[in-house]
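Novice: This is the structure, below, for whatever I ask next.
Numbering (my numbering), first residue to last: 5 to 309.
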């Protein structure tokens with residue numbers, strides 16, 4: 005029997021749940037009262053799960069305040085209050101979910117090699133096509149031959165055309181060609197892969213700026229979405245990547261991959277709190293349907309229940 009999306013989410017968060025929730029349960033079950041030592045141990049659990057120092061301190065402060073407001077004295081009620089605090093943190097911003105509301109739309113996808121960028125593009129293309137959109141992919145990561153080949157495989161698999169040139173071509177030229185082709189074919193969504201080489205930040209910024217100029221000049225009427233793909237298994241390093249990329253591009257959303265492969269899924273909270281960029285899609289498995297729209301309520305329910 006096929007698992008529901010929520011069941012897949014819960015299954016995908018199994019390692020994180022063991023890294024956070026099981027430890028929190030053990031903590032609250034071993035304490036008879038709410039005291040500073042309890043908060044110190046909770047703090048350690050969260051930091052170990054890559055929630056990050058800054059976000060952890062914020063959560064602990066919010067938890068203490070909420071416990072005071074609710075006049076909670078029983079340690080076994082703390083988990084419910086903590087769960088509410090986490091969900092509130094993830095939902096208080098006015099973040100629009102990932103969706104194609106108007107067409108044409110151009111989705112720029114950025115991120116370093118190895119984070120699952122190419123696979124995410126293929127899965128997004130499949131999802132958008134399944135929703136009835138005419139989709140095209142631009143293979144703009146021209147400095148990694150495998151990226152072009154992988155996208156062509158995804159294109160064959162999904163029936164989505166892929167515009168590409170030879171390895172080493174100018175990414176902006178690929179995007180230019182793709183825009184002209186997308187216009188001619190009346191494509192609804194053009195997904196543009198781009199190079200993500202952080203070892204030379206200046207080159208990266210210049211390259212992305214050039215691509216963005218081409219998009220603005222050639223397709224000013226198109227809606228724009230800039231998605232940064234991050235690997236959840238890299239924890240706090242993912243946040244550092246995001247900060248660098250955010251200097252080069254106005255990121256509108258995060259695609260967080262490989263959540264099923266890490267006990268450090270607490271990085272979702274750190275990203276939301278520290279970066280002020282919404283997590284829009286999360287990867288909890290290998291299949292197309294395992295790249296899910298991020299829903300804060302479902303995420304918290306899957307994590308804490």
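Where is the CB? At the ideal position from N, CA and C, for every residue including glycine.
Taking only the alpha-carbon atoms, compute the straight-line gap between residue 307 and residue 127 and give it to the nearest angstrom.
Specialist: Going from the Cα of residue 307 to the Cα of residue 127 covers about 24 Å.
Novice: Output yes or no for whether 8 Å exceeds the beta carbon distance between residue 250 and residue 281.
Specialist: Result yes, Cβ atoms of residue 250 and residue 281 sit closer than 8 Å.
Novice: Between the segment 113-125 and the segment 223-234, do at least 3 Cβ pairs fall closer than 8 Å?
Specialist: As far as the Cβ criterion goes, the segment 113-125 touches the segment 223-234, which means the pair count is three or higher.
Novice: Relative to the alpha-carbon of residue 301, which residue among 88, 58, 51 has its alpha-carbon at the smallest distance?
Specialist: Of the listed residues, the one whose Cα sits closest to residue 301 is 88.
Novice: Between residue 283 and residue 272, which are expected to be in contact by the criterion C-beta below 8 Å, what is the C-beta distance as a whole number of angstroms?
Specialist: Between residue 272 and residue 283 the Cβ distance is about 6 Å, and since that is below 8 Å, they are a contact.
Novice: Is residue 90 near residue 63, with beta carbons less than 8 Å apart?
Specialist: Cβ atoms of residue 90 and residue 63: closer than 8 Å.
Novice: Mind checking residue 212: buried by the 16 CB within 10 Å criterion, or exposed?
Specialist: Label assigned to residue 212: buried.
Novice: How is residue 286 classed by DSSP in three states: helix, strand or coil?
Specialist: Correct three-state label for residue 286: strand.
Novice: So does the segment 206-226 actually touch the segment 245-263, counting three or more Cβ pairs closer than 8 Å?
Specialist: A contact exists between the segment 206-226 and the segment 245-263.
Novice: Evaluate residue 21 with the Cβ neighbour count: other Cβ atoms within 10 Å of its Cβ, from every protein chain shown; 16 or more gives buried, anything less gives exposed.
Specialist: With 16 or more Cβ atoms within 10 Å of its Cβ, residue 21 is classed as buried.
Novice: Can you tell me which of the three DSSP states residue 17 falls into?
Specialist: DSSP places residue 17 in coil when its eight states are reduced to three.
Novice: Starting from residue 275, follow its DSSP beta bridges and name the residues at the other end.
Specialist: DSSP output for residue 275 lists no bridge partner at all.
Novice: Going by other Cβ atoms of all chains shown within 10 Å of its Cβ, with 16 needed for buried, is residue 168 buried or exposed?
Specialist: Buried, since its Cβ has 16 or more Cβ neighbours within 10 Å.
Novice: Could you give the DSSP three-state label for residue 235: helix, strand or coil?
Specialist: Strand, per DSSP.
Novice: Taking three-plus beta-carbon pairs below 8 Å as touching, is the segment 43-53 in contact with the segment 92-109?
Specialist: Output reads no: the segment 92-109 does not touch the segment 43-53.
Novice: Excluding the 5 residues flanking residue 266 on each side, which residues of the same chain have their C-beta closer than 7 Å to its C-beta?
Specialist: So the qualifying residues of the chain are 19, 20, 236, 237.
Novice: Does the segment 132-148 come within contact of the segment 253-265, defined as at least 3 CB pairs closer than 8 Å?
Specialist: Touching, no, given that fewer than three Cβ pairs across the two stretches are closer than 8 Å.
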